[in-house]
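Student: The numbering of the sequence shown is full-length UniProt numbering, which starts it at 1 and goes up by one.
C-beta atoms are modelled at their ideal positions from N, C-alpha and C, and glycine is treated no differently.
Structure in structure tokens, see below.
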Amino acid sequence: MPPTTLTPLAVERVTRDVDCLSRAGLCVDEFFAEVLDSLGRVLPTEGACVATADPATGLVTSSRKYGDLVHRNTHDHEWGLREFGDVEETTFVRMTETGRVAASVHQVTGGDVAASRRMAEFMRPYFGFDDELRGLFLEDGRCWGAVAMFRGDGDHFTPGEVDLLAGLSPFLARGVRSGLLASAAEVLPGERPHGPGVVIVGRDGEVLQMSLGAEAWIEELVTGAHSGAAISAVAALVGAARRYAAGETTTPPRSRLRARNGMWLVLNATPLTGPDGLTDQVVVTIEEARPPEIVPLVVAAFDLTARERDVTQLVLQGVDTKEIAATLHLSTYTVQDHLKAVFTKADVRSRRELVSRVFFDQYQPRFGEEVGVDGWYVS
């Protein structure tokens, strides 16, 4: 790989590019493609993988691959199990916990890349990579996604390249947040799987059983031409569930994600205990998210201040301006100013549009359909 000189001017240029892209209202696929194109001019790699994550749990919810990794998805299931089931200083979860925004494996291991099981047992044997540069998309301690970039042939990432990626973190987080809301759900009658999908995974990580609708749900996890294997999101939950069952983490194995058709889904993993007391199997459920499950995620994606979130929460409860002012000990003029800011960030013009944007994005196409005994749509 030809050497590059990472000059201050080059760093300034790519930072400005990514900042502008994060404000452009691009969907996630467009945003990632444009960012990697800009980064590639100053930070060459052989391959890269970019992922979105649930900011509440840090679990990967989708992935896109570029360079030598495109369409090489055979081992994605194993990657998910390793990434969220093993403990290393450079796993995405561990980096979030320690506040390490970016790192190269070569740097963290002091040059002993083989000390990383992920590199020694996975990246080198399967792909021939000799170093990995990872960066988190962090904002207020929450991880909205991450990128992993790779080099082979003995090439390693420099401290300057690590610093560059770390500096882009808030812009990358902003781009993912806005990208998740860039498109409304487009779901036609008859296109939705019926009932929740259930996947049972065995001790060795293999899928033992699936419910009739599970495969259709999993297909909705494929994001596009650059998508990694859809099953990797399930594998990530399985790895996290095993650590949760062992008491190694207190974060529930749960993730919310936006499917290919724009609908919000929620995935939960539950470890099962076998006769020997060991966690033998893990059950993963995939189903359409209900409003209370996605409202915090959607509101967080608007990039509101703490006070704007307080106002928004009361608006969503149907509280009028005068009551909001009394509850928050503010003047009605201040509440109106906060509402104007919220409307601008949410790209709406009224309370009604705000409520619709938060609650009804994916449910509007289904109004008029049959409702079951639990008050939810039958199909």
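Take Met263 as the anchor and find which of Ile286, Asn73, Leu133 and Ala225 has the nearest alpha-carbon.
Tutor: Ile286
Student: From Asp19 to Thr312, what does the alpha carbon distance come to, in whole angstroms?
Tutor: Cα to Cα, Asp19 sits roughly 26 Å from Thr312.
Student: Could you have a look at Gly47 and say whether DSSP puts it in helix, strand or coil?
Tutor: For Gly47, the three-state secondary structure derived from DSSP is strand.
Student: DSSP on Phe150, reduced to helix/strand/coil?
Tutor: strand
Student: Below 8 Å on the Cβ atoms is my guess for residue 381 versus Ser104; work out the distance and round it to an integer in Å.
Tutor: A question about residue 381 goes unanswered here, because the residues of the chain that appear run from 1 up to 379.
Student: Would you mind sorting Asp276 into buried or exposed? The rule is 16 or more other CB atoms within 10 Å of its CB.
Tutor: exposed
Student: Helix, strand or coil, according to DSSP, for Val87 in the structure here?
Tutor: coil
Student: Report the residue ranges of all beta strand (DSSP E) runs contained in full by the segment 25 to 69; include only those spanning at least 3 residues, in chain order.
Tutor: Taking only runs of at least 3 residues, the beta strand (DSSP E) segments lying wholly in the segment 25 to 69 are 47 to 53 and 60 to 67.
Student: Find the nearest neighbour of Glu248 within the set Phe84, Gly202, Leu69 and Ala306, judged by alpha-carbon distance.
Tutor: Phe84
Student: For Phe127 and Pro252, what's the separation of their Cα atoms in angstroms?
Tutor: 32 Å
Student: Taking its Cβ as the centre, do 16 or more other Cβ atoms sit within 10 Å of Val187, making it buried, or is it exposed?
Tutor: Since pLDDT at Val187 reaches only 49, below the 50 mark, its modelled position is unreliable, and the value read off the structure follows with that caveat. By the 10 Å Cβ count, Val187 comes out buried.
Student: Taking the DSSP output, what are the residues bridged to Asn268?
Tutor: Arg254 and Thr285
Student: According to DSSP, simplified to helix, strand and coil, what is Leu212?
Tutor: Three-state result, Leu212: coil.
Student: Use the C-beta contact count for Ala120: other C-beta atoms within 10 angstroms, 16 or more gives buried, fewer gives exposed.
Tutor: exposed
Student: Run through DSSP, which three-state label would Leu314 get?
Tutor: Helix at Leu314.
Student: Assign Arg134 to one of three DSSP states: helix, strand, or coil.
Tutor: Judged by DSSP in its simplified three-state form, Arg134 adopts strand.
Student: Determine the direct distance from the alpha carbon of Leu257 to that of Asp29, and round the result to whole angstroms.
Tutor: Near 14 Å, if we compare the C-alpha coordinates of Leu257 and Asp29.
Student: Excluding sequence positions up to five away, which residues of its chain have a Cβ less than 6 Å from the Cβ of His226?
Tutor: Listed in chain order, the non-local C-beta contacts of His226 below 6 Å within the same chain comprise Arg64 and Lys65, local neighbours out to five positions each way being set aside.
Student: May I ask you to list the residues that DSSP assigns as paired with Phe129?
Tutor: Phe129 pairs with Gly152.
Student: Since Gly195 is in the alpha helix (DSSP H), which residue starts that stretch and which ends it?
Tutor: No alpha helix (DSSP H) holds Gly195; DSSP gives it neither H nor E.
Student: With 16 other CB atoms within 10 Å as the buried threshold, where does Leu212 fall?
Tutor: Counting the other Cβ atoms within 10 Å of the Cβ of Leu212 gives fewer than 16, which makes it exposed.
Student: Is the Cβ-Cβ distance between Gly145 and Thr15 less than 9 Å?
Tutor: In this structure, Thr15 does not lie closer than 9 Å to Gly145 by Cβ.
Student: What's the call for His329, buried or exposed, on a 16-neighbour Cβ count within 10 Å?
Tutor: exposed
Student: Got a sec? Which residues, its chain only, sit under 6 Å from Gly135 by beta carbon, not counting five neighbours each side?
Tutor: Excluding positions up to five away in sequence, the list reads Ala102, Val147 and Leu165.
Student: Checking contacts by CB at 9 Å: is Arg16 closer than that to chain D?
Tutor: Among the protein chains of the structure shown there is no chain D, as only one such chain exists.
Student: My output table needs one value for Val319: the three-state DSSP class, helix, strand or coil.
Tutor: coil
Student: Below 8 Å on the Cβ atoms is my contact criterion, and I expect Val348 with Leu354 to pass it. Report the Cβ-Cβ distance as a whole number of Å.
Tutor: Contact between Val348 and Leu354 holds, with the beta-carbon distance rounding to 5 Å and staying under 8 Å.
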